[in-house]
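Note that the protein sequences, when read in sequence, are chains A and B.
Counted the way numbering that gives the first Met the number 0 counts, the first sequence spans residues 0 to 280.
Counted the way numbering that gives the first Met the number 0 counts, the second sequence spans residues 0 to 236.
Idealized CB from N, CA, C, for every residue including glycine.
Here is the structure we will look at, set down as C-alpha cells.
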Amino acid sequence: MMEQLRIYLNFPPVQYALIVGVLIALCSSLLGVTLVLKRFSFIGDGLSHVAFGAMAIAGVLHLSDDMLFVLPVTVLSAVLLLRTGQNTKIKGDAAIAMISVGALAVGYLLLSLFSTSANLSGDVCTTLFGSVSILTLTQAEVWLCAGLSVVVVLIFILFYNKIFAVTFDEDFARASGIKAEAYNLLIAVVIAVIIVLAMNLVGSLLISALIIFPAMSAMRLFRSFRGVTVCSAVLSVICSLLGILISILWGTPVGSTIVAVDIGAFLIFCLIAKVQGGITK
Amino acid sequence: MMAQLICSGLKLGYEGHIVLSGLDFSVDAGSYLCIVGENGSGKSTLMKTILGLLKPVGGKIIWGEGLRENEIGYLPQQTVVQKDFPASVREIVLSGCQGRAGGRPFYNKDEKELARQNMERMGITPLSRRCYRELSGGQQQRVLLARALCATRKILLMDEPVSGLDPKVTAEMYDMIRRLNQEGVTIIMVSHDIAAAVRYASHILHVGDEFFFGTSEEYRKTSLAERFLLPKEGEQA
C-alpha cells in the first residue's frame with residue numbers, strides 16, 4: 000500500500016490536489032469559530048447554494064473561467080445576505096432560505112435546459128459533492144487557489160484581534176470605536192471567497208461541514224480563542240490530508256471522505272472531552 | 000468640577016418611534032450617576048445613545064474635558080453568545096485595549112501591561128488563563144469590568160451590572176464600583192434597583208413618564224422616590 004501511495008504521490012495531479020486541499024482546509028477552518036459563535040453558519044450554507052447557482056449560469060454561458068464569475072456573484076450575495084440578516088423587519092433566516100433554495104432550483108433548471116453535456120446528473124453531482132474534480136485541477140487553478148488562500152490567511156492574521164473583539168462583543172467593540180459593520184462585511188466577504196475556493200474540493204453542499212466541524216471539535220477541548228483557532232486549523236489540515244489520501248487509495252469521492260474524517264475527529268474530540276471532564280470532576 | 004458629559008434637548012428612539020424626549024442633564028467628572036425608571040422607559044436606549052451605538056433623533060451629546068468618543072469603558076449586559084464563548088480571561092481583558100490600538104493589528108507592551116494591571120485591580124489575576132464560560136457570574140462581571148477599565152481611565156458606563164447575581168456577590172460588585180468611583184472614575188449606571196441607586200449614587204436620573212435629575216439627596220425627598228422606594232424597602236424589612 001505504501002508503494003502504491005508513493006507512485007500516486009509522484010503524479011502532478013495528486014500533488015496539486017494535496018496542495019490545494021491543505022490550503023482550502025486551512026482557510027475554511029480559520030473563520031469557523033467566528034461563524035459558529037456569531038450565528039453566521041446559516042450564511043455559509045446559503046452562500047454555498049448561491050455559488051452552485053452561479054456555477055450553473057457560468058456553465059450555461061460557456062465562460063472559459065467560471066471562477067471569475069462565481070467569485071464576484073458569491074461575494075455580492077454575502078454582502079446582501081448580511082444586510083438582510085441584520086434587518087429585523089424581514090425575517091433574516093427566511094430570506095436566506097429563500098435565496099439559497101432558489102439558487103439551487105434555478106441553477107439545476109438552467110443546467111438541464113441549456114447544458115450540452117451528455118452526463119447532466121454527473122455534472123450536477125460533481126458540483127454538489129465535489130467528487131473527482133480535485134484531480135482535474137489545472138496549474139492555473141492551483142495558483143489562483145494558492146493566491147486566494149494566502150490572502151485569506153493574511154487577512155485573518157492581521158485582523159485577528161479585531162475579529163475576536165467583534166465576535167465576542169459587538170456592542171463593546173463599537174463603543175470603543177471599532178467599525179463593527181466594516182468587520183462584519185470583511186468576515187462575510189472572506190467567507191464567500193473561502194466557499195468558492197472550497198467548492199473545488201468538497202462541492203457546494205459539503206462546504207459548511209469543512210467550515211464548522213473543525214471549529215466545533217476544537218471547542219470541545221480548548222479554552223482560549225487562540226487555542227481553538229490553532230487547533231481547528233491543524234485538525235482541518237490533517238483531516239483533509241487523510242481524506243484525500245484515503246480517497247486516492249480506495250477511489251472514494253474526495254469531498255465526502257474528507258467530511259467523514261472530520262466527523263470522526265469530532266466524535267473522538269467529544270469522547271476525549273467527556274473522559275477529561277470525568278477525571279477533573 | 001467640569002462637566003464630562005452634557006446632554007441637551009436629547010430626543011431618543013428608533014425609526015419613527017420616540018422613546019424619550021427633552022432630556023437635559025450633565026455629568027461632572029468623578030460623579031456617580033444612576034439612571035433609573037420602569038421597564039421600557041428608555042433606560043437602555045439612553046445608554047446606547049450615550050455610547051454612540053444609536054444616533055439621537057434630536058438634541059446633542061457633548062463630551063467635555065478632552066474625552067474622546069472611544070474613551071468610554073462599557074460594561075454591557077451579557078449576551079447569549081458569550082455564555083458559550085471559548086476565550087481565556089486574559090484574551091477578553093486585552094480586547095478592551097482595542098480602541099487604543101486603533102489600526103495597529105497587534106497589542107503592544109503598554110497594552111499588555113495595562114491589561115495585567117486591571118486584572119490585578121479586579122482581583123482576577125489567578126483566573127487569567129481560565130476559560131470565561133467556566134467562571135461564576137460574579138467572576139465574569141469582574142472580567143468584563145477589567146476589560147472596560149482597559150478602554151478608559153475616566154468614565155464607565157454600566158448596564159444593569161448586578162442583574163442575575165446573588166445578594167452577596169451583588170454587594171461585592173457595588174463595593175467594587177464605589178471603590179473605582181473613589182479612585183476618580185466617573186460612573187454612569189443603568190439600574191432597576193432604586194434602593195441601591197439612592198444608597199450608592201451621587202446623582203439620580205429618573206426617566207419615564209416623569210422626569211427627575213438631581214442629587215440622590217434631592218431625589219429622596221421627591222414624591223417619585225416615595226412611590227418607587229418605599230414599597231421596596233417595605234418588602235425587604
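Should residue i be labelled buried (16 or more other beta-carbon atoms within 10 Å of its own) or exposed?
i	result
Met0 of chain A	exposed
Phe167 of chain A	buried
Met172 of chain B	buried
His205 of chain B	buried
Leu4 of chain A	exposed
Lys54 of chain B	exposed
Glu90 of chain B	buried
Ala139 of chain A	exposed
Met46 of chain B	buried
Phe105 of chain B	exposed
Ser222 of chain B	exposed
Gln275 of chain A	exposed
Gly250 of chain A	exposed
Pro125 of chain B	exposed
Asn183 of chain A	buried
Tyr15 of chain A	buried
Arg219 of chain A	buried
Ser7 of chain B	exposed
Ser6 of chain A	First, the amino acid is wrong: residue 6 of chain A is Ile here, not Ser. Classification for Ile6 of chain A: exposed.
Asn118 of chain A	exposed
Arg173 of chain A	buried
Pro75 of chain B	buried
Tyr13 of chain B	exposed
Interface residues of chain B around residue i at Cβ under 8 angstroms?
i	result
Phe41 of chain A	Here the premise fails: no neighbours, minimum Cβ distance about 15 angstroms.
Leu36 of chain A	Val80, Asp83 and Phe84
Ile210 of chain A	Those within 8 angstroms of Ile210 of chain A in chain B number zero; the least Cβ separation is about 16 angstroms.
Leu157 of chain A	Pro104
Met218 of chain A	Pro85
Ile177 of chain A	Gln97 and Gly98
Asn118 of chain A	Result: empty, since nearest Cβ-Cβ is about 45 angstroms, beyond 8 angstroms.
Going by alpha carbons, who is nearest to residue i out of the options?
i	options	result
Val49 of chain A	A:Ile206, A:Gly276, A:Arg222 and A:Ala264	A:Ile206
Leu9 of chain B	B:Ser20, B:Glu37, B:Leu53 and B:Met1	B:Ser20
Arg43 of chain A	A:Arg173, A:Val227, A:Leu220 and A:Val195	In the sequence under discussion, the amino acid at residue 43 of chain A is Gly, which differs from the Arg named in the question. It is A:Val195 whose Cα lies nearest to the Cα of Gly43 of chain A.
Ser223 of chain A	B:Tyr131, B:Tyr13, B:Pro104 and B:Leu156	B:Tyr131
Val123 of chain A	A:Val105, A:Leu241, A:Ser76 and A:Ala217	A:Val105
Phe268 of chain A	A:Leu46, A:Leu234, A:Gly254 and A:Lys178	A:Leu234
Gly39 of chain B	B:Leu113, B:Thr124 and B:His16	B:His16
Phe155 of chain A	A:Ser27, A:Arg82 and A:Pro213	A:Ser27
Thr151 of chain B	B:Thr78, B:Leu223 and B:Leu179	B:Leu179
Lys259 of chain B	B:Thr214, B:Glu225, B:Ala224 and B:Ile203	Absent from the model: residue 259 of chain B. The displayed extent of chain B is 0 to 236, so no value can be given.
Thr126 of chain A	A:Gly45, A:Ala232, A:Phe51 and A:Ile23	A:Phe51
Leu204 of chain A	A:Ala197, A:Lys161, A:Cys144 and A:Phe128	A:Phe128
Gly176 of chain A	B:Leu52, B:Leu134, B:Cys6 and B:Ser30	B:Leu52
Val26 of chain B	B:Val184, B:Glu159 and B:Tyr218	B:Val184
Ala145 of chain B	B:Ser135, B:Leu113, B:Glu159 and B:Val168	B:Leu113
Glu225 of chain B	B:Asp165, B:Ala194, B:Leu93 and B:Gly213	B:Ala194
Leu34 of chain A	A:Phe212, A:Ala264, A:Ile262 and A:Ala94	A:Phe212
Val189 of chain B	B:Leu156, B:Gly57 and B:Met1	B:Leu156
Ser47 of chain A	A:His61, A:Ala272, A:Val69 and A:Lys161	A:Val69
Gly101 of chain A	A:Ala57, A:Gly263, A:Val78 and A:Ala53	A:Ala53
What residues of chain B sit near residue i, judged by a beta carbon separation below 7 angstroms?
i	result
Arg173 of chain A	Leu52
Phe167 of chain A	Gln81, Phe84, Ala86, Ile91 and Ser94
Asn183 of chain A	By Cβ distance, chain B contributes nothing, its closest Cβ being about 14 angstroms from Asn183 of chain A, past 7 angstroms.
So which residues of chain A does residue i contact, with C-beta pairs closer than 7 angstroms?
i	result
Ile71 of chain B	Ala174
Ala150 of chain B	Ser175
Which residues does DSSP pair with residue i in a beta bridge?
i	result
Thr151 of chain B	DSSP output for Thr151 of chain B lists no bridge partner at all.
Ile17 of chain B	B:Gly12
Thr124 of chain B	Per DSSP, none; premise fails for Thr124 of chain B.
Asp255 of chain B	Summary: the structure shown does not reach residue 255 of chain B, with chain B confined to residues 0 through 236, and so no result is reported for it.
Val189 of chain B	B:Ile34 and B:Asp158
Ile61 of chain B	B:Ile5
Cys130 of chain B	B:Ser87
Thr214 of chain B	B:His202
List, in chain order, every chain A residue whose beta-carbon is nearer than 8 angstroms to that of residue i.
i	result
Ala170 of chain B	None at all; the shortest Cβ gap to chain A is about 25 angstroms.
Glu90 of chain B	Phe163, Ser223, Phe224 and Arg225
Cys130 of chain B	Arg222 and Ser223
With respect to 8 angstroms, is the separation between the Cβ of residue i and the closest non-hydrogen atom of the ligand MG below this value?
i	result
Leu248 of chain A	As presented, the structure is devoid of all ligands, the ligand MG included, so that no description of it is given.
Name the chain A residues that come within less than 9 angstroms of residue i, Cβ to Cβ?
i	result
Pro75 of chain B	Asp168, Asp170, Phe171 and Ala174
How would you list, in chain order, the residues of chain B whose beta-carbon sits under 9 angstroms from the beta-carbon of residue i?
i	result
Asn199 of chain A	Ordered by position in chain B, no residue passes the 9 angstroms Cβ test against Asn199 of chain A, which lies about 30 angstroms from the chain.
Is the Cβ of residue i closer than 9 angstroms to any Cβ of chain C?
i	result
Val188 of chain A	In the structure shown, chain C does not exist; the protein chains are A and B.
Exercise for review: Quick one: which unbroken alpha helix (DSSP H) runs of 4-plus residues sit fully inside the region 150 to 199 of chain A? Chain order, please.
Suggested key: 159 to 167 and 169 to 174
Review point. What are the start and end residues of each continuous beta strand (DSSP E) run of 3 or more residues lying completely inside the region 99 to 124 of chain B, in chain order?
Key: none
Practice item. Go through the region 33 to 121 of chain A residue by residue and report every complete run of the alpha helix (DSSP H) that reaches 4 residues or more, in order. Key: 40 to 59, 66 to 85 and 91 to 113
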